[in-house]
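Novice: Just so you know, the working numbering puts the end of the sequence shown at 349, numbered straight through with nothing missing. Virtual Cβ for every residue (Gly too), placed ideally from N, Cα, C. Once you've had a glance at the structure underneath, I'll fire off some questions.
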Amino acid sequence: MKILITGGAGYIGSTIASALADAGHTPILLDSLITGREEFAKLHTFYHADIADQDAVRQIFEDHPDIYATIHCAALIVVPESVEKPYEYYTENVVKSMRFFKQLADLGHHRVVFSSSAAIYDVVPGFMVREDSPLMPLSPYSRTKYMMEMVLKDFCKAYGLNAIALRYFNPIGADPKMRTGLHIQYPSHLIGKLVSVALGHEEVFNLTGVDWPTRDGSGLRDYIHVWDLAQAHLKAVENFEKAITQGAEEEGLPYIVINLGSGNGVTVKEFVAAFEKVYGQKVPVAIKPPRPGDVAGAYANADRAEKLLGWKAELSIEEGIRDALKWGKVRDTIIHY
Ligand SMILES: NC(=O)c1ccc[n+]([C@@H]2O[C@H](COP(=O)([O-])OP(=O)(O)OC[C@H]3O[C@@H](n4cnc5c(N)ncnc54)[C@H](O)[C@@H]3O)[C@@H](O)[C@H]2O)c1
């Protein structure tokens, strides 16, 4: 099958492209390279364009009328930046995505898989969230994801789109074959910071927030290997009709939301301990107050993904940490900053 991947030169889109190609499918990438990497794009058929460039999008479908589905990963993704630049985030992630979805509908390419986020969930007692758990997006970034889920649902009703919104939990690791990985030079999230300390780029790991109502006081997340995440997209396009039929039964619409997580909640302290085990050394840790907007956390109930897509996470957090460390060492030989 031919699959269009927007944002295919980014961390997750490029991993999905490798997973599809390894399974015998043909990824077609569309990316503006606003944050993505040309080094990743050139591994596959690549269109260097913005999703809002309607001529370019039309051209892609003229060149490849047999594209079966579109996986829409393109977005700006940095939460603190979205607080400072909401106009840019709503423009890129909402306005442009909305026009892009309308163009897909107009062109008759109605199958869409959308990169949504677990960041839209409210914190619930026990921390486990199902797809119907309450939502409370707290940042402009997460609100763009929430809005696009609503837009997609309405477009499914009005314009004949069929859509699967995949709510990702916390991706870690890299392509196990080291073709692609996290490309941000100075990452700000947990695993990126730990790898930076391990590689000697930073001296100490700041553990922010130790008074949450979790088993050890540190925040709780659901870490998922990016390769598992990519496999879920493979299953989503291969089992597209089954998932959509279920959506139609449940909601009366060809639209469905599916959590992509491991189903395990892991605290930051537990994650640091796992990191030290894989790395083989202690990491210097400094306890700091929570950052603005931090929350206690959530982990996935991932039953629906297993039932509808035949997918469940297989790789451990240790394998994610191992691949992140490996990638940290090879990254600068692949990416030329
Ligand atoms: N990384 C995470 O922790 C995480 C968690 C949940 C959801 N997501 C979602 O997954 C998707 C991919 O995230 P990622 O981590 O790979 O980010 P990334 O920044 O590595 O990739 C995003 C890609 O989209 C491209 N892009 C952005 N705006 C574009 C536009 N207007 N036209 C064309 N290309 C454009 C960028 O150049 C980049 O290659 C995003 O939608 C993100 O919101 C990511």
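If you scan the stretch 157-218 from start to end, which runs of the beta strand (DSSP E) of 3 or more residues do you find wholly inside it?
Specialist: 174-180 and 182-184
Novice: Is there contact between the stretch 262-274 and the stretch 222-240, where contact requires at least three CB pairs shorter than 8 Å?
Specialist: yes
Novice: Starting from the C-beta of Tyr349, find all residues in its chain whose C-beta is less than 8 Å away, skip the five residues before and the five after it, and write them out in chain order.
Specialist: Gln197
Novice: Assess contact between the stretch 59-79 and the stretch 104-118, defined as three or more Cβ pairs (one per stretch) separated by less than 8 Å. Is contact present?
Specialist: yes
Novice: Can you tell which of Arg334, Lys247 and Pro304 has its C-alpha closest to the C-alpha of Val290?
Specialist: Val290 has its Cα closest to that of Arg334, out of Arg334, Lys247 and Pro304.
Novice: Report the start-end ranges of each beta strand (DSSP E) in the stretch 21-72 that is 3 residues or longer and not cut off at the edges.
Specialist: 38-43 and 57-60
Novice: Under 8 Å, with one C-beta from each stretch per pair, do the stretch 16-33 and the stretch 184-192 reach the 3-pair mark?
Specialist: With three or more CB-CB distances shorter than 8 Å, the stretch 16-33 counts as touching the stretch 184-192.
Novice: Grab me the residues of Arg111's own chain with a C-beta within less than 7 Å of its C-beta, minus the 5 sequence neighbours each way, in chain order.
Specialist: Ala64
Novice: Is DSSP giving Ile347 helix, strand or coil here?
Specialist: coil
Novice: Give a single yes or no on whether Ser182 has its beta carbon closer than 7 Å to a heavy atom of ligand 1.
Specialist: The residue you asked about is not Ser; residue 182 is Asn in the sequence shown. It does: the Cβ of Asn182 is within 7 Å (strictly closer) of some heavy atom of ligand 1.
Novice: With a threshold of 16 other CB atoms inside 10 Å of the CB of Ile15, please say whether the residue is buried or exposed.
Specialist: Flag for Ile15 reads buried.
Novice: Give the secondary structure of Phe126 by DSSP, where H, G and I count as helix, E and B as strand, and everything else as coil.
Specialist: strand
Novice: Round the Cβ separation of Phe217 and Val284 to the nearest angstrom and send it over; I've been treating them as touching at under 8 Å.
Specialist: Contact check for Phe217 and Val284: beta-carbon distance about 7 Å, within the 8 Å limit, so the pair qualifies.
Novice: Determine contact between the stretch 81-93 and the stretch 35-51, defined as no fewer than three beta-carbon pairs at a distance below 8 Å.
Specialist: Yes: the two stretches touch, three or more of their Cβ pairs being nearer than 8 Å.
Novice: Could you have a look at Ala286 and say whether DSSP puts it in helix, strand or coil?
Specialist: helix
Novice: Please state the DSSP three-state secondary structure of Asn271.
Specialist: strand
Novice: Under a three-way DSSP split, which group does Leu150 fall into?
Specialist: coil
Novice: Please report the Cβ distance between Ala21 and Arg49, rounded to the nearest whole angstrom; I am assuming they are in contact, meaning their Cβ atoms lie under 8 Å.
Specialist: 5 Å
Novice: Cβ of Val173 versus every heavy atom of ligand 1: is any distance shorter than 7 Å?
Specialist: Position check: residue 173 holds Leu in this sequence, whereas Val was assumed. Because no heavy atom of ligand 1 lies under 7 Å away, the Cβ of Leu173 does not count as near it: no.
Novice: From the DSSP output, in three-state form, read off Met13 for me.
Specialist: coil
Novice: Could you give the first and the last residue of the continuous beta strand (DSSP E) run that contains Ile354?
Specialist: With the chain running from 13 to 349 in the structure shown, residue 354 is simply not present.
Novice: Does the stretch 153-160 come within contact of the stretch 198-207, defined as at least 3 CB pairs closer than 8 Å?
Specialist: no
Novice: What is the DSSP secondary structure of Val141, reduced to helix, strand or coil?
Specialist: Three-state DSSP puts Val141 in a strand.
Novice: Only counting the same chain, and skipping five residues up and downstream in sequence, which positions put a Cβ closer than 7 Å to that of Asp2?
Specialist: With the chain represented from 13 up to 349, any question about residue 2 goes unanswered, as that position is not in the structure.
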